[in-house]
Every structure is written in structure tokens, then in C-alpha cells.
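The structure under discussion appears below in the form of C-alpha cells.
Numbering (our numbering), first residue to last: 17 to 240.
Right, here's the structure in full:
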């Protein structure tokens, strides 16, 4: 009988702790409106739609219709329709121009949109590359805990552990159209101007990609 009571008490404590953890995770994300989600743990707001370009393109949104990707220096010379056909993916110069376009038109009432940040030197990553000339490091691989993507994916949305290596996106919370693919960051590699940090949400993989040649997804975010 005593063991039964003790087990029940322990189980109750565990349940309380589990609910407290879930509540903490859930409370870090707050819907600001239908199109914007606040991550209180990072003091940043994310566009609710993680494929905003594709959604606006499909809807023939006026903001997308006023964007002229063919004129972007070091862009791909694709039309809006061609970008839409390729799931709204852009090279980094196009992504940066799109963010500037959002700011110019004060998307959702704000003019401080940017690309999410990774961290060039991050000891939590599984690998690092050292530039032999500058002795600077670029951190890449699995388990990078200090990017805004990783913080959102694991700490705020409560997905699998930071050691996850595949199918890491199981919970998208209030967000729409989150792709288990690679997204651009705004963190340029300081010792190679052709490269910029990227994050693969599905594989929990941080890396660097070429700004001109690679086509990736774009997820706008803004700091408070």
C-alpha cells in the first residue's frame, strides 16, 4: 500500500514537471496576429508563413506583384513566375532584395525585417573549418545550438533533441508551411564574401552556401 501511494506521488510529480515543461515551451511562442508569431525566448518575431514568397506568388499578392527579381544584381534573372514555379526559392541576393522590398513597403507595419541569424563560430556544432590566413573559424554540422533556427526548432517548438540528424521537424506549432529543407540566414562568412550561413531544418544541419548559385527558402524575421 505504501509503495502504491509513493508511486502515485512520484507519478504525480513527474506529470506536474512534464506539464510545466510543455507550458514553458508553449508560452515562449505567442500569436501577435494571423501573420506574425513572437518568440519571447529570443525577443524576435517570425513571419507565420515560412514560405511567404510562394504563398504571395500563388495569391498574386500586390506586394509580390510589385517585386522585380530580373533587375537584381547577381540575381538569377528569373521572373516572378519562374521563382514561383521553383517553390519560391531564391539565391541569397534575391532573398536579400526581397527582404528589402518588405521593409520598403512596411510589411505587416514594420520596416526592420531581416534574414534569421546563424553563428559563424559556434562551439556546439559538430564540425568547424579554420581559415588558414585569418585563423577564423566557421562552425557547421549537426547540433548547432546558437542559431535562431535551432532555438526556434528545439527550444521554442519542442522538436526532438538538438542531436537529431533527420526528420527533425515534427512540430511546427502555430507556423504555416515550414519546410524540412534549407533556409538562408543573414550571417555572411567573414573570410569568404561568396558564402553565407544556412540552416537545414529537416536535418538540423548548419552550413555555408554560395550566395549566387544556390536556391534556398526565405523566412523573414524581425528583432524587437
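We put the CB at the ideal spot given by N, CA and C, even for glycine. Quick caveat, the model's predicted, so the values are computed rather than measured.
Run of the beta strand (DSSP E) containing residue 62, from where it starts to where it stops: For the purposes of this step, residue 62 is taken as residue 46 along the chain shown, with counting starting at 1. Where residue 62 is concerned, the enclosing beta strand (DSSP E) starts and stops at 60 to 63.
C-alpha distance - residue 155 paired with residue 226, whole-angstrom precision: Along the chain shown, read from residue 1 onward, the residue named residue 155 stands at position 139. Along the chain shown, read from residue 1 onward, the residue named residue 226 stands at position 210. The straight-line gap from Cα to Cα measures roughly 16 Å.
Where residue 186 falls, given that 16 or more other Cβ within 10 Å makes a residue buried: For the purposes of this step, residue 186 is taken as residue 170 along the chain shown, with counting starting at 1. It is exposed - the Cβ of residue 186 has fewer than 16 other Cβ atoms within 10 Å.
Residue 127 to residue 142 span [Cα, whole Å]: Here residue 127 is taken as the residue at index 111 of the chain shown, counted from 1. Here residue 142 is taken as the residue at index 126 of the chain shown, counted from 1. Spanning the alpha carbons of residue 127 and residue 142 requires a straight line of approximately 36 Å.
Extent of the continuous beta strand (DSSP E) run through residue 47: Counting from 1 along the chain shown, the entry for residue 47 is found at position 31. First-last of the beta strand (DSSP E) with residue 47: 45 to 49.
Residue 80 - DSSP class collapsed to helix/strand/coil: Translated into positions along the chain shown, residue 80 becomes position 64. DSSP, reduced to helix, strand and coil, places residue 80 within a helical segment of the structure shown.
Opposing strand residues paired with residue 181 [DSSP bridges]: Walking along the chain shown from the start, residue 181 turns up at place 165. In DSSP, residue 181 forms no bridge with anything.
Beta-carbon contacts of residue 67 that lie in its chain and below 6 Å, excluding the five residues immediately before and after: Locating residue 67 in the chain shown gives position 51, where the first residue counts as 1. Cβ within range, chain order: 104 and 193.
Cβ pair residue 108, residue 200 closer than 8 Å: Taking the chain shown and counting its residues from 1, one reaches residue 108 at position 92. Taking the chain shown and counting its residues from 1, one reaches residue 200 at position 184. Contact flag set, yes.
Backbone CA spacing between residue 99 and residue 70 [nearest angstrom]: Along the chain shown, read from residue 1 onward, the residue named residue 99 stands at position 83. Along the chain shown, read from residue 1 onward, the residue named residue 70 stands at position 54. The straight-line gap from Cα to Cα measures roughly 8 Å.
Residue 85 classed as buried or exposed, judged by whether at least 16 other C-beta atoms fall within 10 angstroms: In the chain shown, the residue the question calls residue 85 occupies position 69. Flag for residue 85 reads buried.
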